[in-house]
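Mapping the sequence shown onto my numbering, position 16 (from 1) lands on 26, and the numbers just tick up by one.
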Amino acid sequence: MATAFTAILYARASVHKLFDLTAFSGFVEDYQLAPRAWSKAIALALALVETAIAASLVAPITRPFGLLAGAALLALYAGAMAINIRRGRTYVECGCGGPVQPINGATLMRNGALAAMALLGLVGPGEGLGVAEAFTAIAGGATLFIGFLLAEQMIANASYLKARH
Numbered sequence: 011m012a013t014a015f016t017a018i019l020y021a022r023a024s025v026h027k028l029f030d031l032t033a034f035s036g037f038v039e040d041y042q043l044a045p046r047a048w049s050k051a052i053a054l055a056l057a058l059v060e061t062a063i064a065a066s067l068v069a070p071i072t073r074p075f076g077l078l079a080g081a082a083l084l085a086l087y088a089g090a091m092a093i094n095i096r097r098g099r100t101y102v103e104c105g106c107g108g109p110v111q112p113i114n115g116a117t118l119m120r121n122g123a124l125a126a127m128a129l130l131g132l133v134g135p136g137e138g139l140g141v142a143e144a145f146t147a148i149a150g151g152a153t154l155f156i157g158f159l160l161a162e163q164m165i166a167n168a169s170y171l172k173a174r175h
């Protein structure tokens, strides 16, 4: 389930970034961690890495690499958020692909939980699942993802309500 969830997460994230690379380049630029001129190249590279992670989670032989890479990328994103939060730049949009979410402690905790979920995929059997087991794992991962979408919307709503008061 953890692997299916992580695959869905990265598939959604990469599609979001690739379909609006200009907006994602702007988010990368807003973090102010690299020269402005590099923003488009970094945005494209991140979107392609996310695509590769999602694809690697399909095959048992590449799955451990994909799970480790996925957890590492989430940690990298959390690090970029933490630097900007420390700078007082909490108005920066996460850029994660979903509802508008300025970076804050909740987005850092979310990324930590997502990285842990990816690593949890390393614990289960990587292959040898029967059809019913595979279906259950995929359905469970999709159900977890729906729960994630709900939590993500709640974080966005809390940020919106905080900004209004």
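All C-beta atoms in this analysis are idealised placements derived from N, C-alpha and C, irrespective of residue type, glycine included.
- For Ala125, the enclosing alpha helix (DSSP H) has its first and last residue at 115-130.
- C-alpha of Pro109 to C-alpha of Glu162: approximately 7 Å in a straight line.
- The Cβ atoms of Tyr87 and Glu60 do not sit closer than 8 Å to each other.
- One Cα belongs to Ala53, the other to Ala152, and the distance between them is close to 27 Å.
- Using a C-beta cut-off of 8 Å, the region 35-49 makes no contact with the region 59-75, since fewer than three inter-stretch Cβ pairs fall below that distance.
- The C-alpha of Leu129 lies about 12 Å from the C-alpha of Ala17.
- Glu103 is bridged by DSSP to Pro112.
- For Asp40, the enclosing alpha helix (DSSP H) has its first and last residue at 31-40.
- Exclusion of the five residues before and after Ala81 leaves Ala125, Ala128, Leu129 as the residues of its chain whose Cβ lies within less than 7 Å of its Cβ.
- When the five nearest sequence neighbours on each side are left out, the beta carbons in the same chain lying within less than 6 Å of the beta carbon of Leu84 are those of Asn121, Leu124, Ala125, in order along the chain.
- Using a 10 angstroms sphere on the CB of Met91, the tally of other CB atoms reaches 16 or more, which defines it as buried.
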